[in-house]
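Numbering (the working numbering), first residue to last: 51 to 220. Glycine is no exception: its CB is placed at the ideal position from the N, C-alpha and C atoms.
(1) In chain order, what residues of the same chain have a beta carbon less than 7 Å from the beta carbon of residue 79, not counting five sequence neighbours either side?
(2) Where does residue 134 sit, in a helix, a strand or coil, going by DSSP?
(3) Quick one, are the C-beta atoms of residue 115 and residue 102 less than 8 Å apart?
(4) What residues are listed by DSSP as bridge partners for residue 59?
(5) Spatial neighbours of residue 98 within its chain, please: CB distance less than 7 Å, with the 5 preceding and 5 following residues excluded, ordered by chain position.
(6) If we count Cβ pairs, one from each stretch, closer than 8 Å, do we get three or more for the segment 154–165 versus the segment 185–205?
(7) Quick one: Cα of residue 65 to Cα of residue 157, how far?
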């Protein structure tokens, strides 16, 4: 699946993912804000409340929560990059928009493919099931190629990354 777009925010490349979910906004809010929920589908669970101004450690880097408006918006910075979840009621469900402002447009396809894999774990989690990280990343290389083509970026960095993960001598 390809759900992400590449945009520009404040002169920086930004990845944007929009999903319509068949779950109430309050349920999705818990999935994006509660550490025990995040660790079930997101790449790293921050140990946060979350509250604006709160700092946290994740993946060896410091982050800061910049905005919290339950159950509609959660924004933070981590390792110099900005992230946000925006939620809105959509019929009986919820529309989720995730934005990640990145540093390097050249890595946009690689980063988007990773987010695609993690977001594939969200709906099963919301439904009380589990999709392993390994299963979620199964089609990563193909998704990466489609993103590289869509974004008009060189696919070589992502191919090298995938080769390292596979243990190839590339």
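According to the structure shown:
(1) Within the same chain, Cβ atoms closer than 7 Å to the Cβ of residue 79 are found at 120, 121, 137, the five residues on either side in sequence being excluded.
(2) For residue 134, the three-state secondary structure derived from DSSP is strand.
(3) Contact: yes.
(4) Residue 59 is bridged to 62.
(5) Hits under 7 Å: 85, 104, 106, 115.
(6) Segments in contact, yes.
(7) Cα to Cα, residue 65 sits roughly 11 Å from residue 157.
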